[in-house]
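Read the structure below first, then the notes.
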Amino acid sequence: MFQNIRDVILANRFYVVRTTSIKFSQESARTFYQEHKNKFFYHRLVSFMTSGSVDVHILARKDAVAAWRVLMGPTKVYQAQFSDPNTIRGSYGISDTRNATHGSGDSTCILFYNLSKIKMKFSK
1 MFQNIRDVIL ANRFYVVRTT SIKFSQESAR TFYQEHKNKF FYHRLVSFMT SGSVDVHILA
61 RKDAVAAWRV LMGPTKVYQA QFSDPNTIRG SYGISDTRNA THGSGDSTCI LFYNLSKIKM
121 KFSK
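Position 118 (the sequence shown) corresponds to 118 in the UniProt record's numbering; numbering is contiguous.
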């Protein structure tokens with residue numbers, strides 16, 4: 001699945017600036033997803049994100065955040081599978097938690113994650 005998603009990323013004119021694979025600790029996952037702390041899915045999300053390795057990419061292209069959000073598709077996988085089946089989540093998502101991808105909502109940032117998240121991800 002990783003190579004398929006990477007092929008989709010490249011086919012949509014993104015440049016992969018850097019890639020790494022990490023293993024989230026409970027603490028780092030809680031910090032990374034703290035904006036969701038009071039939401040019903042928070043504990044399930046942290047549990048899933050700490051269950052194995054995570055591939056992290058810094059992506060770049062013109063209007064990267066907006067383009068990435070379109071390419072990811074709706075957060076709700078069921079919706080993505082029917083309304084946007086050619087998106088990453090529509091093609092590879094399994095559930096709303098296991099939706100195959102994450103992206104920054106920060107429109108001032110042209111990278112996949114905002115700068116503080118990039119620093120956390122790539123400092124081992």
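All residues carry an ideal CB built from backbone N, CA and C; glycine is no exception.
Counting C-beta atoms within 10 angstroms of its own C-beta, residue 1 has fewer than 16 neighbours from the protein chains shown and is therefore classed as exposed. With contacts defined by Cβ atoms closer than 8 Å, residue 80 and residue 89 form a contacting pair. Counting of Cβ neighbours within 10 angstroms places residue 4 among the exposed residues, the total staying below 16. By DSSP's assignment, residue 22 forms a beta bridge with 54. With a cutoff of 8 Å on beta-carbon distance, residue 54 and residue 94 are scored as not near each other. Shown here, residue 15 sits in a strand according to DSSP, grouped into three states. Taken through DSSP and simplified to helix, strand or coil, residue 29 comes out as helix. Taking a contact as a CB-CB distance under 8 Å, the pair residue 56 and residue 30 does not count as one, their CB atoms being some 17 Å apart. With a 10 Å radius around the Cβ and a threshold of 16 neighbouring Cβ atoms, residue 10 comes out exposed. Beyond the five residues adjoining it in sequence on each side, residue 101 comes within less than 6 Å, by CB distance, of 72, 88 in the same chain, given in chain order. Shown here, residue 60 sits in a strand according to DSSP, grouped into three states.
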